[in-house]
Amino acid sequence: MVARQVDQQQQIVQLEQRIRLLNLIIYGPKSEKKPRTGQEQQLSLFDEAEQTVEEQKPQTFEEACTPTHARGKRGRRPIPVDLPRVEVVHDLPEAEKTCPCGAILMRIGEEVSEKLDIVPAKIQVVRHIRPKYACRTCEGVEDDGPTVKTVPMPPQLIPQGIVTPGLLAHVVVAKYADALPLYRQEDQFARLGLDISRGTLAHWVILAAKACDSLIDMIIEEIRSGPIVNMDETTVQVLSEPDRANTSKSYMWVARGGTPGKPAVLFQYYPTRAGKVAADILGDFTGYLQTDGYLGYEALGEREGIRHLGCMAHVRRKFVDVEKAAGKKAKGGTAHAALDLIGKLYGVEREAEKQKLAPEQIKALRAEKSRPLLDKLKALLDARVATTPPKSLLGKAISYALKQWDRLLVYLEDGRLRPDNNLAENAIRPFAVGRKNWLFSAHPRGAHASATLYSLIETAKANGLEPYRYLRHLFEHLPTATTSAQRKALLPQYIDPSSLIIPA
Numbered sequence: 027m028v029a030r031q032v033d034q035q036q037q038i039v040q041l042e043q044r045i046r047l048l049n050l051i052i053y054g055p056k057s058e059k060k061p062r063t064g065q066e067q068q069l070s071l072f073d074e075a076e077q078t079v080e081e082q083k084p085q086t087f088e089e090a091c092t093p094t095h096a097r098g099k100r101g102r103r104p105i106p107v108d109l110p111r112v113e114v115v116h117d118l119p120e121a122e123k124t125c126p127c128g129a130i131l132m133r134i135g136e137e138v139s140e141k142l143d144i145v146p147a148k149i150q151v152v153r154h155i156r157p158k159y160a161c162r163t164c165e166g167v168e169d170d171g172p173t174v175k176t177v178p179m180p181p182q183l184i185p186q187g188i189v190t191p192g193l194l195a196h197v198v199v200a201k202y203a204d205a206l207p208l209y210r211q212e213d214q215f216a217r218l219g220l221d222i223s224r225g226t227l228a229h230w231v232i233l234a235a236k237a238c239d240s241l242i243d244m245i246i247e248e249i250r251s252g253p254i255v256n257m258d259e260t261t262v263q264v265l266s267e268p269d270r271a272n273t274s275k276s277y278m279w280v281a282r283g284g285t286p287g288k289p290a291v292l293f294q295y296y297p298t299r300a301g302k303v304a305a306d307i308l309g310d311f312t313g314y315l316q317t318d319g320y321l322g323y324e325a326l327g328e329r330e331g332i333r334h335l336g337c338m339a340h341v342r343r344k345f346v347d348v349e350k351a352a353g354k355k356a357k358g359g360t361a362h363a364a365l366d367l368i369g370k371l372y373g374v375e376r377e378a379e380k381q382k383l384a385p386e387q388i389k390a391l392r393a394e395k396s397r398p399l400l401d402k403l404k405a406l407l408d409a410r411v412a413t414t415p416p417k418s419l420l421g422k423a424i425s426y427a428l429k430q431w432d433r434l435l436v437y438l439e440d441g442r443l444r445p446d447n448n449l450a451e452n453a454i455r456p457f458a459v460g461r462k463n464w465l466f467s468a469h470p471r472g473a474h475a476s477a478t479l480y481s482l483i484e485t486a487k488a489n490g491l492e493p494y495r496y497l498r499h500l501f502e503h504l505p506t507a508t509t510s511a512q513r514k515a516l517l518p519q520y521i522d523p524s525s526l527i528i529p530a
């Protein structure tokens with residue numbers, strides 16, 4: 027009877043934890059920052075809008091682990107020097123350039139203040155004029171008629187259409203980088219006086235993606251040839267899939283890897299989350315594979331030639347959930363102690379980054395400072411696992427960390443590795459944000475097109491390229507790239523940013 031009452035009490039506690047966590051997920055801030063208390067919370071009532079915006083800003087895991095007092099102060103960043111300047115001179119009237127003593131005032135300097143201005147989008151028509159030439163001598167000949175010559179049109183990405191590389195890049199970037207659905211773009215064009223239906227826009231997007239298929243094959247080769255691959259996946263709803271209900275879940279997979287310093291990002295759409303998909307994407311890859319704890323990656327981790335890494339960010343996230351659900355009771359508990367140790371681990375990573383250490387130096391630093399912290403964390407988990415109800419949030423967090431433990435230690439082996447899978451998660455985040463706006467893909471063709479264009483945009487961003495400038499350059503030069511070498515030179519990894527110039 028007593029044992030039954032204890033079980034019931036534990037179940038009540040677990041359910042209360044889940045309810046508190048669910049309420050926080052639905053109504054609370056999405057950031058993993060600790061909530062304000064006391065006077066700070068009272069003051070935030072007067073800047074609610076600003077505080078909400080601040081909480082919604084993407085935050086890296088390293089930033090989350092940095093103490094508030096140690097972070098740099100936020101302030102207005104300087105206006106980029108490469109932006110064009112228009113000078114407006116505010117000078118004294120000629121009558122005021124004379125001193126009361128009668129002498130002429132001399133100019134000794136100037137006060138300059140810069141303010142940002144914007145010129146609204148400008149729509150223009152590019153007229154391709156091709157003069158025609160005929161032979162006057164042959165005009166009277168009746169057999170073949172006069173000789174007429176004109177230069178052929180330059181190759182176009184979409185030959186039969188009015189869209190230029192600039193307009194096509196604008197549509198693609200708005201949808202896939204800025205999460206602006208095509209129906210909203212249709213409305214924007216209407217306000218500018220253009221009647222372009224969303225069906226036409228969708229057709230352009232699919233044709234553009236299809237023209238880039240060969241580049242995606244090269245990105246796959248680049249990823250497989252590198253030493254490290256980060257993988258992740260997220261859901262996507264796709265309508266009109268063969269033999270599947272429209273409410274079925276499909277998946278967008280992402281892989282990030284390639285030559286160090288020249289990363290490639292690959293998106294692939296599949297109707298399933300089966301581990302076989304990850305194996306198909308990796309192909310003959312050998313090296314380090316970093317993922318979360320999803321079981322679909324288990325078989326890959328055991329394959330010869332692959333060293334499987336875990337993700338410390340997922341471990342931390344589960345302990346953060348414990349603290350959120352516990353509220354004021356969390357201070358001084360197991361979750362708090364685990365998070366403190368994990369924060370110190372990332373302190374070592376910040377130290378290595380600040381000192382700009384080489385991989386071998388990072389490995390030595392981790393052996394000296396990170397390994398003892400990991401040993402303490404393991405001892406803490408081992409001490410608590412036997413006395414913590416396994417179905418509680420804390421029990422699940424401890425169990426997840428211990429199951430992943432061997433993989434969590436792998437990053438100590440190589441200074442090029444990271445303790446978390448944030449590179450893949452950061453790459454897939456724009457897709458997850460966009461999904462909230464466009465909700466679903468109407469057809470598998472659209473999902474495949476989205477995967478292609480997300481791959482190019484995220485690879486461009488990973489290599490420091492502005493997406494619109496890159497895609498405009500790509501759409502202009504891809505039709506004339508007839509060899510494999512010419513097409514490979516158009517990958518973001520091999521583009522010189524200074525060559526991405528927008529015509530005036």
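According to my numbering, the sequence shown is numbered sequentially starting from 27.
We treat Cβ as the ideally placed atom computed from N, Cα and C, and that holds for glycine.
All of these numbers come straight from a predicted model, not from anything done at the bench.
- Excluding the 5 residues flanking it on each side, residue 124 has same chain C-beta neighbours closer than 8 Å at 130 and 131, in chain order.
- In this structure residue 227 touches residue 211 by the C-beta definition: roughly 6 Å separates them, less than 8 Å.
- Residue 334 carries a strand assignment under DSSP once its states are collapsed to helix, strand and coil.
- Excluding the 5 residues flanking it on each side, residue 520 has same chain C-beta neighbours closer than 8 Å at 288 and 514, in chain order.
- Per the coordinates, the alpha-carbon of residue 475 lies some 24 Å from the alpha-carbon of residue 251.
- Only residues of its own chain outside the window of five on either side were considered, and among them 254, 314, 316, 335, 436 and 437 have a CB closer than 8 Å to the CB of residue 443, listed in chain order.
- Cβ atoms of residue 410 and residue 360 come within 8 Å of each other, at about 5 Å.
- When beta bridges are read from the DSSP output, residue 276 appears opposite 262.
- If only uninterrupted beta strand (DSSP E) runs of at least 3 residues are considered, none is enclosed by the stretch 360 to 423.
- DSSP places residue 205 in no beta strand (DSSP E); its state is neither H nor E.
- Cβ contact annotation for residue 467 (same chain, cutoff 6 Å, sequence separation greater than five): 264 and 473, in chain order.
- Judged by DSSP in its simplified three-state form, residue 463 adopts helix.
- Under the three-state reduction of DSSP, residue 158 is assigned to coil, being neither helix nor strand.
- The Cβ-Cβ distance between residue 191 and residue 457 does not fall below 8 Å.
- When the five nearest sequence neighbours on each side are left out, the beta carbons in the same chain lying within less than 7 Å of the beta carbon of residue 490 are those of 523, in order along the chain.
- Under the three-state reduction of DSSP output, residue 292 falls in the strand class.
- Within the same chain, no residue comes within 6 Å of residue 321 by CB-CB distance, once the 5 residues on both sides are set aside.
- As a beta-bridge residue in DSSP terms, residue 255 pairs with 315.
- Residue 422 and residue 364 have their alpha carbons spaced roughly 14 Å apart.
- Taking a C-beta distance under 8 Å as the contact criterion, residue 293 and residue 494 do not qualify as a contact pair.
- Residue 232 places its beta carbon less than 8 Å from that of residue 471.
- DSSP places residue 130 in the strand class (E or B) of the three-state scheme.
- Looking at the DSSP output, residue 281 sits in a beta bridge with 257 and 292.
- For residue 273, same chain residues with a beta-carbon under 8 Å away, outside a window of 5 residues either side, are 263 in chain order.
- Taking the CA atoms as reference points, residue 230 sits about 16 Å from residue 482.
- Counting C-beta pairs closer than 8 Å gives three or more between the stretch 389 to 405 and the stretch 370 to 381, which meets the contact rule.
- Membership of residue 229 in the alpha helix (DSSP H) is indicated by the continuous run 224 to 237.
- Here residue 445 is buried: its Cβ has 16 or more other Cβ atoms, across all protein chains shown, within 10 Å.
- If you compare the alpha carbons of 119, 122 and 141 with that of residue 109, the shortest gap goes to 141.
- Taking a contact as a CB-CB distance under 8 Å, the pair residue 503 and residue 516 counts as one, their CB atoms being some 6 Å apart.
- One alpha carbon belongs to residue 271, the other to residue 318, and they sit about 29 Å apart.
- It is roughly 35 Å from the alpha-carbon of residue 164 to the alpha-carbon of residue 187.
- Within the same chain, 491, 492, 495, 496, 498 and 499 come within 8 Å of residue 526 by CB-CB distance, once the 5 residues on both sides are set aside.
- Secondary structure of residue 177 (DSSP, three-state): coil.
- DSSP links residue 124 through a beta bridge to 130.
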